[in-house]
Amino acid sequence: MINLDKFPQLSLAHLPTPFEAWPKLGAELGLSNLYAKRDDCTGFAGGGNKSRKLEFLIGEAVAQGADTLLTVGATQSNHCRQSVAAARKAGLDPHIVLVHQVPIEEPSYCNGGNVLLDHLLDATIYGVDTPGKAPEFIAQLLGEMKEAGRKVCFMPPGGSTPIGCLGYVNCAMEIKAQAEAMDVALDHVVLANSSAGTHAGLLAGFAALGLSTKVHGINVYNSDAAKTEEETQQLTNQTLELIGHSGAEFSVDVHGDYLGDGYGIPTAGCLEALQMVAQTEAVFLDPVYTGKAMAGLIAMAKAGSFGEGESVTFLHTGGFPGLLAYSDVLEFG
Ligand SMILES: Cc1ncc(COP(=O)(O)O)c(C=O)c1O
Numbered sequence: 001m002i003n004l005d006k007f008p009q010l011s012l013a014h015l016p017t018p019f020e021a022w023p024k025l026g027a028e029l030g031l032s033n034l035y036a037k038r039d040d041c042t043g044f045a046g047g048g049n050k051s052r053k054l055e056f057l058i059g060e061a062v063a064q065g066a067d068t069l070l071t072v073g074a075t076q077s078n079h080c081r082q083s084v085a086a087a088r089k090a091g092l093d094p095h096i097v098l099v100h101q102v103p104i105e106e107p108s109y110c111n112g113g114n115v116l117l118d119h120l121l122d123a124t125i126y127g128v129d130t131p132g133k134a135p136e137f138i139a140q141l142l143g144e145m146k147e148a149g150r151k152v153c154f155m156p157p158g159g160s161t162p163i164g165c166l167g168y169v170n171c172a173m174e175i176k177a178q179a180e181a182m183d184v185a186l187d188h189v190v191l192a193n194s195s196a197g198t199h200a201g202l203l204a205g206f207a208a209l210g211l212s213t214k215v216h217g218i219n220v221y222n223s224d225a226a227k228t229e230e231e232t233q234q235l236t237n238q239t240l241e242l243i244g245h246s247g248a249e250f251s252v253d254v255h256g257d258y259l260g261d262g263y264g265i266p267t268a269g270c271l272e273a274l275q276m277v278a279q280t281e282a283v284f285l286d287p288v289y290t291g292k293a294m295a296g297l298i299a300m301a302k303a304g305s306f307g308e309g310e311s312v313t314f315l316h317t318g319g320f321p322g323l324l325a326y327s328d329v330l331e332f333g
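When you line the sequence shown up against the numbering used here, it's residues 1 to 333, in that order.
This is the structure we're talking about:
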């Protein structure tokens, strides 16, 4: 039994998101039971996984009396776009630090996609060109804001705190109910892991529900996947503690082979995944997160990593505005 009612929440997302079969892609991959949980359809301000986290994060910020939101991400951060939108809904003044950490200088990347939407939402945007300087910049900015009398809610990258993870505990509950209604077993779930919160929240939710579903997190951020694994482990434990299920058993599984040259740099497998999913299921993935996660799923299917007849569920975490930001970058053969 999980009770999330005691945590302050702001309703943002259109829930439940669909849980659907992907038979055409499944047939191509030799998977007879392939499904997708469509969190690209959370609906709020362009959709994606951050809507769920923000329901709890902004709920908490409002409960604490915040009047300003400050958060940070890469230039094409979906997290920043959705955070700014959530701040607008809650009446907080949105400020974001966009760190130019992906070596792409094309106009579509620097000004399009999420950046266009950040401007449309009228966020105060601070650009930092050297990633190593971001922590110092943020500390100074926070100090100035507090000195000016603002009540600031600072959200770390990806909104990956135990409170943010509650959004994916909620998603685990949703998936369980939908799978039961459709008579689908939950053997494997595959998702992108960047700042670990989505993976940790889902894992904590499944563990607290007593499900032994194997959750495969595809590392899309850290050059050292062991760091992602460690962060996921810690955050899962903290989330379980928060929901009163400290002893629940779970196992963290992070795959490090699909990052390629680095965060935000598309790989050949990612391009193949984008095209396969668009051309079979008519669903768009993005080149930073979900494309690499699907490249991992495809490689695992080809390697026979999933057992005969086992179900595989892809958690589609969104990122559509980010796809459009790569219009000057991506070339499809
Ligand atoms: C579209 C998309 N998918 C997946 C993720 C990864 O989520 P997390 O940071 O919780 O690991 C993000 C994070 O920014 C995202 O924007």
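Ideal Cβ positions, reconstructed from N, Cα and C, are used throughout, including at glycine.
* **Burial state of F337 (16 or more Cβ within 10 Å)** => In the structure as shown, the chain begins at 1 and stops at 333. Residue 337 is therefore absent and cannot be evaluated.
* Asked: Where does I125 fall in DSSP's three states?
  -> Residue 125 sits at position 125 when you count from the first residue of the sequence shown. In this structure, I125 counts as strand in the three-state DSSP scheme.
* Who pairs with H216 in a beta bridge, going by DSSP? -> Taking the sequence shown and counting its residues from 1, the one referred to as residue 216 is at position 216. H216 has V190 and D253 as its beta-bridge partners, per DSSP.
* Under 7 Å Cβ to Cβ from P18, same chain only, skipping five residues before and after it: list those, please. => Stepping through the sequence shown from its first residue, residue 18 is reached at position 18. Taken in chain order, the residues that qualify are R38 and C41.
* Asked: In the structure shown, what three-state DSSP assignment does L29 receive?
  -> The sequence position of residue 29 within the sequence shown is 29, counting from 1. The answer is helix: DSSP assigns L29 an H, G or I state.
* Asked: What's the gap between the Cα of L121 and the Cα of A148?
  -> In the sequence shown, the residue the question calls residue 121 occupies position 121. In the sequence shown, the residue the question calls residue 148 occupies position 148. Cα-Cα distance, rounded: 23 Å.
* Start and end residues, alpha helix (DSSP H) containing L274 -> In the sequence shown, the residue the question calls residue 274 occupies position 274. Where L274 is concerned, the enclosing alpha helix (DSSP H) stretches over A268 to E281.
* Asked: If you draw a straight line from the C-alpha of P135 to the C-alpha of A181, how long is it?
  -> To locate residue 135, count along the sequence shown from 1; it is residue 135. To locate residue 181, count along the sequence shown from 1; it is residue 181. Computed Cα separation, rounded: 46 Å.
* Taking all protein chains shown into account, decide if A196 is buried (16 or more other Cβ within 10 angstroms of its Cβ) or exposed. => To locate residue 196, count along the sequence shown from 1; it is residue 196. The residue in question, A196, is buried, as its Cβ has 16 or more Cβ neighbours within 10 Å.
* Segment limits, beta strand (DSSP E) that includes H95 -> As a working note, residue 95 is residue 95 in the sequence shown. Where H95 is concerned, the enclosing beta strand (DSSP E) stretches over D93 to V99.
* To do: Identify, in the order they occur along the chain, each residue of the same chain with its Cβ nearer than 6 Å to the Cβ of E310, setting aside the five sequence neighbours on each side.
  => Position 310 of the sequence shown, counted from the first residue, corresponds to residue 310. Around E310: D187.
* Distance CB(C80)-CB(I96) smaller than 7 Å -> One-based indexing of the sequence shown puts residue 80 at position 80. One-based indexing of the sequence shown puts residue 96 at position 96. Yes, Cβ-Cβ distance for C80 and I96 is below 7 Å.
* To do: Please confirm whether any heavy atom of ligand 1 lies closer than 6 Å to the CB of H335.
  => Lying before the first or after the last residue shown, residue 335 is absent from the chain, which here runs from 1 to 333.
* **Three-state secondary structure (DSSP) of R38** => Here residue 38 refers to the residue found at position 38 when the sequence shown is read from its first residue. R38: strand per DSSP, three-state reduction.
* To do: Verify whether the separation of the beta carbon atoms of Y313 and V189 is less than 7 Å.
  => Along the sequence shown, read from residue 1 onward, the residue named residue 313 stands at position 313. Along the sequence shown, read from residue 1 onward, the residue named residue 189 stands at position 189. At residue 313 the sequence reads Thr, which differs from the Tyr that was named. Yes, the Cβ-Cβ distance between T313 and V189 is below 7 Å.
* Asked: Does at least one heavy atom of ligand 1 sit under 6 Å from the Cβ of S223?
  -> Taking the sequence shown and counting its residues from 1, one reaches residue 223 at position 223. S223 Cβ: outside cutoff for every heavy atom of ligand 1.
* C-alpha distance - T232 paired with V84, whole-angstrom precision -> Locating residue 232 in the sequence shown gives position 232, where the first residue counts as 1. Locating residue 84 in the sequence shown gives position 84, where the first residue counts as 1. Approximately 25 Å between the Cα atoms of the pair.
* Asked: For M155, does the three-state DSSP call read helix, strand or coil?
  -> Translated into positions along the sequence shown, residue 155 becomes position 155. Three-state result, M155: strand.
* From A383 to V288, what does the alpha carbon distance come to, in whole angstroms? -> Not covered by the structure: residue 383. The range shown for the chain is 1 to 333.
* Assuming L12 and L69 form a contact by the criterion Cβ under 8 Å, report the distance between their Cβ atoms to the nearest whole angstrom. => Working through the sequence shown from its first residue, we reach residue 12 at position 12. Working through the sequence shown from its first residue, we reach residue 69 at position 69. At roughly 13 Å, the Cβ-Cβ gap does not stay under 8 Å, so L12 and L69 are not in contact.
* **Contact under 7 Å by Cβ, N33 with T317** => Counting from one through the sequence shown, the residue named residue 33 turns up at place 33. Counting from one through the sequence shown, the residue named residue 317 turns up at place 317. No; because the gap between Cβ atoms is not below 7 Å, this pair is not in contact.
* **7 Å Cβ cutoff met for I2 and I243** => Numbered from 1 along the sequence shown, position 2 holds the residue referred to as residue 2. Numbered from 1 along the sequence shown, position 243 holds the residue referred to as residue 243. Against a cut-off of 7 Å, the Cβ pair of I243 and I2 comes out as a contact.
* Measure the C-alpha to C-alpha separation of G247 and S212 and round it to an integer number of angstroms. => Residue mapping note: residue 247 aligns to position 247 of the sequence shown, counting from 1. Residue mapping note: residue 212 aligns to position 212 of the sequence shown, counting from 1. Rounded to the nearest angstrom, the two C-alpha atoms are 14 Å apart.
* Under 7 Å between C-beta atoms of P162 and T239 -> As a first step, residue 162 must be located in the sequence shown, where it is residue number 162. As a first step, residue 239 must be located in the sequence shown, where it is residue number 239. Closer than 7 Å, so yes.
* A192 Cβ short of 6 Å to ligand 1 heavy atom set -> Residue 192 sits at position 192 when you count from the first residue of the sequence shown. True, at least one ligand heavy atom lies under 6 Å from that Cβ.
* Asked: Taking 6 Å as the cut-off, is the CB of S195 close to at least one heavy atom of ligand 1?
  -> As a first step, residue 195 must be located in the sequence shown, where it is residue number 195. Yes - ligand 1 has a heavy atom lying nearer than 6 Å to the Cβ of S195.
* Does the distance from the C-beta atom of P16 to that of E241 stay below 7 Å? -> As a working note, residue 16 is residue 16 in the sequence shown. As a working note, residue 241 is residue 241 in the sequence shown. Result no, Cβ atoms of P16 and E241 do not sit closer than 7 Å.
* Asked: To the nearest whole angstrom, what separates the beta carbons of N335 and G322, a pair I think is in contact under 8 Å?
  -> Since the first residue of the chain shown is 1 and the last is 333, residue 335 is not available in this structure.
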